[in-house]
Each structure stands twice: as structure tokens, then as C-alpha cells.
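Working notes, beginning with the structure itself.
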Amino acid sequence: MTFPVKSVLACSASLYCALAPVPSFADTHHAFAAVTAAQKDAVDLTRDATDARVRETRLFTRHDGGSVWLDLNGAVSESKAMGDDAGYKSLLGALHLGADIKTGTALFGVAYSYGRGDIDTTGLTKNLDGETEFFGVRIYGEKTWGPLGVRGALSWLKAKGGTDTATGESHNTDADIFTAEAGGDFLITEGAVKVLAHADAKATKINPDNFSDAAVSVQPDNALYWEFPVGVTVASEFDAAGFTVKPLADISFVSTAGDRETVTHLQGVTHSMRFADTRGWRMAFGVAAQGEKGSLGLTYRLDLGENDRRNHAVTLDGKYTF
12 MTFPVKSVLA CSASLYCALA PVPSFADTHH AFAAVTAAQK DAVDLTRDAT DARVRETRLF
72 TRHDGGSVWL DLNGAVSESK AMGDDAGYKS LLGALHLGAD IKTGTALFGV AYSYGRGDID
132 TTGLTKNLDG ETEFFGVRIY GEKTWGPLGV RGALSWLKAK GGTDTATGES HNTDADIFTA
192 EAGGDFLITE GAVKVLAHAD AKATKINPDN FSDAAVSVQP DNALYWEFPV GVTVASEFDA
252 AGFTVKPLAD ISFVSTAGDR ETVTHLQGVT HSMRFADTRG WRMAFGVAAQ GEKGSLGLTY
312 RLDLGENDRR NHAVTLDGKY TF
């Protein structure tokens with residue numbers, strides 16, 4: 012009598028497969044939504060860099076001329092319930108190199124950004140991993156008339172990366188991201204304190220590529236997402252130890268509209284998953300030290316949104332003015 016080794020191994024393998032967590036096709040959609048949310052977080056990092064240039068020109072003393080600047084920033088983001096109790100976590104880091112020129116009441120600049128990040132889904136049958144790499148260019152500017160200012164920016168960002176899928180494969184999740192924004196502000200000066208009331212309209216268009224293998228073919232829809240932040244910034248500047256110290260604090264309420272969900276089509280089934288909130292709060296606190304030509308600053312940003320969304324971002328910036 013021979014022992015049926017092959018039969019036993021087959022039964023063991025079948026039992027293991029039955030008990031082991033296997034990602035569903037819906038999990039693939041969740042992973043794609045997590046990557047999209049991280050791409051949105053990457054856009055926020057690029058905006059942080061150029062928004063800071065416009066804001067400091069409005070709030071602090073700056074003479075006519077050019078400047079070159081370098082920002083290093085990173086963000087830790089999470090949302091515990093993007094849909095079906097599934098969420099995501101991401102860790103992003105970016106470098107931004109820019110230059111701008113101020114002439115009278117006008118400011119114009121251009122910046123290049125490069126960054127990388129890791130993304131993990133949470134709350135799924137089997138959590139899936141992803142990564143992203145992004146780079147792009149951004150132009151920005153502002154024009155002022157006394158206490159009134161209007162500003163705008165345009166950017167293109169290429170996001171490249173990958174995510175796990177239900178079949179165990181890893182697929183590219185590339186996207187072209189376009190942004191356009193316009194806003195206005197009003198400056199109030201009370202002694203050494205300056206208060207800047209501001210409002211903006213910011214559009215983000217995400218055009219993702221399709222991805223597929225022998226088992227699945229995923230076709231994601233484009234997404235057009237709008238943000239409308241309204242807030243106030245309080246700042247001051249004073250001399251200390253041979254430097255000009257520039258503290259500031261900002262709080263904004265952000266409402267949104269448009270495509271707040273990713274929509275993907277897989278094997279004839281359409282799934283949607285939220286990647287952005289309906290509304291939320293954004294707070295920033297920073298301080299910079301200005302010398303004769305150069306400055307160094309540190310800023311912390313906190314975003315609070317729906318579904319336990321938390322974004323923590325830190326920016327270290329350096330600037331040389333000539």
C-alpha cells in the first residue's frame with residue numbers, strides 16, 4: 012500500500028488557500044483610491060512651497076529683486092474610513108527648487124518639484140501596498156493694489172508608481188495631474204501685527220492611466236476635484252540677535268466640490284471609493300529667521316477632515332534674495 016503523498020499535499024494546499032486571506036477585486040479598487048489620495052497629498056506639498064512664497068511677500072518686508080529658494084517637506088497622512096471601513100496611510104517626502112522676482116506690486120515665480128512616497132491600505136481583507144514618485148513644474152504669481160491682492164498658479168505633476176492587485180501582481184498607477192487656482196486676499200495692519208484674510212478656488216484634474224494583466228483589466232475614470240479654502244493668517248516680524256524673526260499662524264476652512272471619489276471599472280463591475288473629504292480644517296504654524304540676504308524657516312501644517320483624516324506636514328525652507 013502506497014501513501015498518497017500528492018493527494019495529501021493537494022488537500023493541504025487547498026486548505027491553506029481556503030484559510031489564507033486573499034484580496035478581492037474590490038481591494039484592488041481600494042488600493043487605487045489610496046494611491047489617488049496620496050497623489051492629492053503630493054499636490055498639497057507642491058502648493059505649500061509656492062503658497063509660502065506669495066504669503067511671505069504679502070506679510071513680511073521684501074524689497075524688489077529676485078530670489079532663489081529650496082524647500083524640503085514631508086507629510087504623514089491617513090484616513091481610517093474611505094469606504095467600507097477601509098482606509099489608507101501614506102508617507103511622502105518632496106524637494107522643491109524655485110525662483111521668483113518681485114517688481115513693485117507684482118510677483119512671478121516658477122518651481123520644480125520632485126518627491127517619493129509609500130502608501131498602505133488599511134481595513135481590507137488583505138492590505139495592499141503601493142508607492143509613488145512624482146515630479147513637475149509650477150508657475151505662480153500675485154498682483155497687489157494697496158491692501159488688496161489677487162494671485163494665481165498653474166502646475167503639471169507626473170505621478171508614477173505601483174500598487175498590489177487582487178491577482179498578486181503589481182501594476183503601474185501612473186497619472187498626469189493638472190492644477191489651476193486663483194484667489195484674493197486683504198491685508199490689515201495693526202501696529203506690528205498683520206492680518207491677511209484670504210479665499211481661493213483650487214482645481215485639481217487627475218488623469219490616471221489604465222492598468223491590466225492576464226486576469227484583470229482596470230479602467231479608472233479621470234477626476235476633477237475642487238477646493239475652496241477661506242481663512243486668515245496672522246503674522247509679525249521683529250529683530251532679535253541680529254536676525255529678523257517672522258512668526259505666523261494660519262487657519263482655514265476648506266470646502267470641496269466635484270469628483271471626490273475614484274471610479275474604476277474592472278471586468279464589467281464599477282467601483283467607487285472616496286479619496287477626498289467634503290469639508291475640513293487646515294492649520295499652519297511657522298517661524299523664519301531672516302539675515303541680510305538669506306533666510307531659514309520651519310512650518311508645520313495640520314489638516315483635519317472627515318472619516319478620521321489626519322495630515323501632518325512639515326516644511327524646512329531656505330531662501331536667498333539678491
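Each residue of the sequence shown is one higher than the one before, counting from 12 in this note's numbering.
Glycine included, every Cβ here is placed at the ideal spot set by N, Cα and C.
All values derive from a computational prediction rather than experimental measurement.
| Item | Value |
| --- | --- |
| Limits of the unbroken beta strand (DSSP E) element including Gln278 | Run containing Gln278: none; DSSP gives neither H nor E here. |
| Cα-Cα separation, Asn233 to Lys171 | 16 Å |
| Spatial neighbours of Val33 in its chain, beta-carbon cut-off 6 Å, leaving aside the 5 residues before and after | Its pLDDT being 42, under 50, Val33 is placed unreliably in this model, and the coordinates cannot settle the point. |
| Short Cβ contact (9 Å threshold) for Thr332 with Gly305 | yes |
| Residue(s) in a DSSP beta bridge with Thr132 | Tyr99 |
| Spatially closest choice to Asp328 from Val54, Phe43 and Asp62, by CA coordinates | Asp62 |
| Buried versus exposed call for Gln301 [16 or more other C-beta atoms within 10 Å across all chains shown] | buried |
| Stretch pair the region 69-83 + the region 214-223: three plus CB contacts closer than 8 Å | no |
| Under 9 Å between C-beta atoms of Asn174 and Val46 | In the sequence as displayed, the identity of residue 174 is Thr instead of Asn. Result yes, Cβ atoms of Thr174 and Val46 sit closer than 9 Å. |
| Phe364 versus Thr310, Arg290 and Arg285, residue with shortest Cα-Cα distance | Limits of the chain in this structure are 12 at one end and 333 at the other, which puts residue 364 out of reach. |
| In DSSP terms, what Pro231 is bridged to | Thr275 |
| For Arg66: DSSP bridge partner residues | Note: Arg66 sits in no beta bridge, so no partner. |
| Segment contact flag, the region 238-251 with the region 199-211, C-beta cutoff 8 Å, min 3 pairs | yes |
| CB of Val87 within 9 Å of CB of Leu102, strictly | yes |
| Inter-residue CB distance, Ser168 and Thr57 (contact presumed, cutoff 8 Å) | The question names Ser, yet the displayed sequence has Leu at residue 168. Contact flag correct, Cβ pair sits at about 7 Å. |
| Close-in-space but distant-in-sequence residues of the same chain around Glu89 (CB under 6 Å, 5 per side omitted) | Lys100 and Arg321 |
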